[in-house]
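Notes follow the structure.
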Amino acid sequence: DVKVTQSSRYLVKRTGEKVFLECVQDMDHENMFWYRQDPGLGLRLIYFSYDVKMKEKGDIPEGYSVSREKKERFSLILESASTNQTSMYLCASTLRRNQETQYFGPGTRLLVL
Amino acid sequence: AQSVSQHNHHVILSEAASLELGCNYSYGGTVNLFWYVQYPGQHLQLLLKYFSGDPLVKGIKGFEAEFIKSKFSFNLRKPSVQWSDTAEYFCAAAGGYQKVTFGTGTKLQVIP
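What follows is the structure, encoded as structure tokens:
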């Protein structure tokens with residue numbers, strides 16, 4: 105079974121702090137994704153990566169950046185957290201193409217005060 | 009840009025009732041279609057998917073979905089729901105080489 109893990113289930117941060125969310129997958133998947141999930145809005149893609157050191161903007165990249173230094177690890181960075189970034193953040197991966205079945209992590213619920 | 013619409017935001021059913029959740033997508037070419045489910049406190053997982061072939065696909069836990077190309081639809085069905093089906097259901101589509109787009113989700117509440 106593919107396992108996708110996220111570094112924290114819950115985080116509380118203050119406005120202006122730099123926040124790092126980490127995601128690790130153990131199945132040698134090429135593609136990794138970061139989404140945020142908000143009630144009534146579904147999942148919105150923030151960034152994705154199709155290879156080490158490669159990244160592409162999703163639908164809502166503003167206020168976020170990402171890092172993929174190793175194939176198994178994909179980090180989401182909030183450079184200066186704001187209250188409107190309070191959300192559930194989901195990491196996912198696919199084997200080769202981004203149209204394949206996605207495997208999701210458990211999510212990180214971030215509260216920015 | 010492709011889009012995915014889920015018509016029902018919140019559905020409440022009694023156990024043993026039949027379920028149909030609507031999903032429409034906007035992409036006109038070859039498309040991959042998915043239904044994902046998120047049970048309370050659990051992570052999103054695949055329920056079923058359609059890539060090609062038989063337009064009626066069967067998934068886990070007795071769910072099925074029918075791809076109707078002429079209607080751009082991929083509705084999810086289950087003949088008889090159980091309390092354990094209480095969850096949020098997301099339809100998703102990926103057309104051509106585009107990234108996957110998710111719908112806004114449907115919360116299903118099954119009353120014992």
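Taken in sequence, the protein lines are chains A and B.
All residue numbers for the first sequence refer to our numbering, where the first residue is 105 and numbers rise by one.
All residue numbers for the second sequence refer to our numbering, where the first residue is 9 and numbers rise by one.
All C-beta atoms, glycine included, are put in the ideal place defined by N, C-alpha and C.
None of the values given here were measured: they were computed from a predicted structure.
Nearest to residue i by CA position, among the options, is which residue?
i	options	result
Gly-67 (chain B)	B:Leu-55, B:Ala-101 and B:Asn-16	B:Leu-55
Ser-11 (chain B)	B:His-17, B:Ser-22 and B:Leu-41	B:Leu-41
Thr-109 (chain B)	A:Phe-152, A:Leu-147, A:Ser-179 and A:Arg-140	A:Leu-147
Phe-80 (chain B)	B:Tyr-58, B:Ala-25 and B:Lys-115	B:Tyr-58
Leu-29 (chain B)	B:Ala-102, B:Lys-86 and B:Gly-104	B:Lys-86
Ala-185 (chain A)	A:Pro-143, A:Glu-121, A:Cys-127 and A:Arg-172	A:Glu-121
Asp-163 (chain A)	A:Ser-111, A:Leu-199, A:Arg-113 and A:Leu-145	A:Leu-145
Val-216 (chain A)	A:Gln-110, A:Leu-115 and A:Arg-200	A:Leu-115
Asp-93 (chain B)	B:Ser-78, B:Tyr-33 and B:Gln-46	B:Gln-46
Thr-109 (chain A)	A:Gln-203, A:Leu-182 and A:Ser-197	A:Ser-197
Arg-113 (chain A)	A:Gly-167, A:Tyr-193, A:Glu-160 and A:Gln-141	A:Tyr-193
Glu-96 (chain B)	B:Tyr-35, B:Thr-38 and B:Gly-49	B:Gly-49
Tyr-33 (chain B)	B:Gly-113, B:Ala-100 and B:Ser-88	B:Ala-100
Ser-60 (chain B)	B:Thr-38, B:Ala-73 and B:Lys-69	B:Thr-38
The beta strand (DSSP E) that contains residue i, what's its start and end?
i	result
Asp-136 (chain A)	The displayed chain sequence assigns Met, not Asp, to residue 136 (chain A). 135 to 142 is the span of the beta strand (DSSP E), which, as asked, contains Met-136 (chain A).
Thr-38 (chain B)	Thr-38 (chain B) -> no beta strand (DSSP E), and no H or E assigned at all.
Glu-23 (chain B)	No beta strand (DSSP E) holds Glu-23 (chain B); DSSP gives it neither H nor E.
Asp-153 (chain A)	Reading the sequence as shown, one finds Ser at residue 153 (chain A) and not Asp. Ser-153 (chain A) -> beta strand (DSSP E) spans 146 to 155.
Cys-99 (chain B)	95 to 103
Ser-169 (chain A)	168 to 174
Asn-83 (chain B)	81 to 86
Val-123 (chain A)	123 to 129
Leu-64 (chain B)	64 to 66
Using a threshold of 8 Å, state whether the C-beta atoms of residue i and residue j are closer than that.
i	j	result
Glu-23 (chain B)	Gln-90 (chain B)	yes
Pro-165 (chain A)	Tyr-154 (chain A)	no
Thr-190 (chain A)	Thr-119 (chain A)	no
His-18 (chain B)	Lys-77 (chain B)	no
Gly-103 (chain B)	Gln-14 (chain B)	no
Arg-172 (chain A)	Lys-161 (chain A)	no
Phe-75 (chain B)	Phe-82 (chain B)	yes
Phe-98 (chain B)	Tyr-44 (chain B)	yes
Tyr-168 (chain A)	Leu-182 (chain A)	yes
Leu-84 (chain B)	Cys-31 (chain B)	yes
Label residue i either buried or exposed according to how many other C-beta atoms from any shown protein chain fall within 10 Å of its C-beta, with 16 as the threshold for buried.
i	result
Phe-124 (chain A)	exposed
Ser-26 (chain B)	exposed
Thr-212 (chain A)	buried
Ala-52 (chain B)	According to the sequence provided, residue 52 (chain B) is Leu. The question's Ala does not apply to it. Buried, because 16 or more other Cβ atoms sit within 10 Å of the Cβ of Leu-52 (chain B).
Gln-141 (chain A)	buried
Gln-117 (chain B)	exposed
Worksheet item: Do three or more CB pairs link the segment 117 to 136 of chain A to the segment 190 to 210 of chain A at distances below 8 Å?
Response: Yes: at least three Cβ pairs fall under 8 Å.
Item to complete: Could you say if the segment 135 to 153 of chain A and the segment 167 to 180 of chain A meet the contact criterion of at least three C-beta pairs nearer than 8 Å?
Response: Three or more Cβ pairs closer than 8 Å define a contact, and the segment 135 to 153 of chain A meets that threshold against the segment 167 to 180 of chain A.
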